[in-house]
Structures are given as C-alpha cells and as structure tokens.
Amino acid sequence: MTLSRPERIDLLLARPHHDEQAHVPLNSIDEIERTVVDLAIALLAPGQKFAMLWSMQVGGHREAGVQVKTRDGSVTNLEPPREVLDHLADHKRLSYQPEAGAWLATEIFIAGPTRYKATYSTDTVADWMPEVSAVDLRAEFVAFPRPANQIPGWARAQLDWTTRMTG
1 MTLSRPERID LLLARPHHDE QAHVPLNSID EIERTVVDLA IALLAPGQKF AMLWSMQVGG
61 HREAGVQVKT RDGSVTNLEP PREVLDHLAD HKRLSYQPEA GAWLATEIFI AGPTRYKATY
121 STDTVADWMP EVSAVDLRAE FVAFPRPANQ IPGWARAQLD WTTRMTG
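Residue numbers (the UniProt record's numbering): 1 to 167.
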C-alpha cells in the first residue's frame with residue numbers, strides 16, 4: 001500500500017479563495033486526526049509509504065511539518081497546509097484537561113489512510129522541533145492552565161532563567 005491518495009487531489013489544488021474562508025472546526029478528536037492524516041497523505045509523492053506529521057503548539061507559536069523518509073534513507077521535509085495547524089489547534093483545545101494541561105507537541109506516524117499512531121506530549125517538545133520561548137510558555141499556561149506540579153521541569157527552568165535575566 002502507498003500513501004498517495006488520488007481521490008483527494010482536491011487537497012493539492014490551488015484554492016485562492018480558501019484563505020478568505022473562516023476555519024470550520026470539526027466535531028471530534030477522531031475526525032480531526034483522520035482529516036490531518038488525509039491532508040498529510042495528500043502531500044506525498046506516489047510510492048511513498050511512511051510519513052511523520054509533527055506539530056509544536058505552545059502559546060502563540062504554532063508550527064507543523066511532514067517528514068517523509070525515502071527508500072535511500074534520506075528525509076524530505078514538507079510543509080502541510082494551514083488547515084493542519086488550525087485542526088490541530090482545535091484538537092488541543094478539545095483534548096485539554098485542567099488536571100494535566102494541554103499537549104505541547106505531537107507526532108503522528110502514518111502508514112496508510114487508516115493506519116496511523118498519534119502521540120501527544122503534555123511535557124516534552126522534541127529537541128529537533130522549534131525552540132520554545134518564555135513568552136510562548138507564559139501564554140500557554142494562561143490559555144491552558146495546569147497545576148504547578150504538571151509544569152515540566154524544563155519549562156519551569158526556562159521561565160525562572162528568563163525572570164532572573166530580565167529582573
């Protein structure tokens with residue numbers, strides 16, 4: 001099985017009017033995951049079999065990408081459509097739990113339209129993802145409050161360091 005989805009060619013076509021339309025939230029976490037997987041699959045070339053969709057969303061800082069590993073072992077990085085960030089922001093909002101906080105980063109390993117594994121981390125951001133600023137961390141914990149014991153040590157240290165440096 002390959003990940004190319006010719007029946008979803010509409011996802012690749014230029015849609016100049018799309019940016020003018022408001023984002024329409026989906027109804028469930030499962031629906032969001034299926035949609036972002038379809039959007040990621042639509043980016044792939046025929047014959048590509050595996051991809052990893054990642055996103056880091058902390059405070060106002062939102063980024064996502066698709067990494068495709070080719071047969072020769074090289075990795076190609078693709079930029080998903082804006083819709084992916086919007087849908088994942090909805091996922092974050094829907095999955096927020098006051099006792100644990102909201103996820104900061106996600107990795108979705110894709111092996112087919114219905115074969116994927118999603119992991120959401122409330123306490124780590126991979127070293128290879130964009131750097132998280134203290135401003136974004138503060139905004140994150142205002143938007144998605146969590147108990148002090150659920151604030152990751154690295155985030156607490158970064159906030160303490162920034163406070164000491166700026167007074």
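Note that the Cβ used here is the ideal one computed from N, Cα and C, for glycine as well.
In this text the structure is predicted, and so the values were computed from the model without any measurement.
Point to revise | Any alpha helix (DSSP H) of 4 or more consecutive residues that is wholly inside the region 75-104 | key: 82-95
Check your understanding: Within 10 angstroms of its Cβ, does R71 collect 16 or more other Cβ (buried), or is it exposed?
Key -> exposed
Check your understanding: Nearest to Q57 by alpha carbon, out of D90, A51, G153?
Key -> D90
Review point. Do you know how far the Cα of H23 is from the Cα of P16?
Key: Confidence at P16 is low in this model, with a pLDDT of 45, below 50, so the placement of that residue should be treated as unreliable; the coordinate-derived value is given next. If you take the alpha carbons of P16 and H23, they lie about 14 Å apart.
Exercise for review: Might you give, ordered along the chain, the residues of its own chain that have their beta carbon closer than 7 Å to the beta carbon of H18, omitting 5 neighbours on each side?
Suggested key: Note that H18 scores 47 on pLDDT, short of 50, meaning its location in the model is unreliable; the coordinates nonetheless yield the value given after this. Nothing listed; no residue qualifies.
Review point. Once you ignore the five residues that flank A139 on each side, which residues in its own chain have a CB closer than 6 Å to its CB?
Key: G59, G60
Check your understanding: Between which two residues does the alpha helix (DSSP H) harbouring R62 extend?
Key -> Element bounds for R62: not the alpha helix (DSSP H) but the beta strand (DSSP E), 61-69.
Review point. Between which two residues does the beta strand (DSSP E) carrying A118 extend?
Key: 115-121
Point to revise | Distance between F109 and A51 (C-alpha atoms, nearest Å) | key: 6 Å
Exercise for review: Counting only the same chain and skipping the five closest in sequence on each side, list residues whose C-beta sits under 7 Å from that of A134.
Suggested key: Q158, L159, T162
Check your understanding: Which partner residues does Q57 have in the DSSP bridge list?
Key -> R62
Review point. Looking at the unbroken alpha helix (DSSP H) that takes in T35, where does it start and where does it end?
Key: 29-42
**Study point:** Other residues of its chain near K73: CB distance less than 6 Å, five sequence neighbours each side excluded
**Key:** The amino acid at residue 73 is misidentified as Lys; the sequence shows Gly. Closer than 6 Å at Cβ, skipping near neighbours: no residue.
Review point. Cα separation between R93 and W103?
Key: 9 Å
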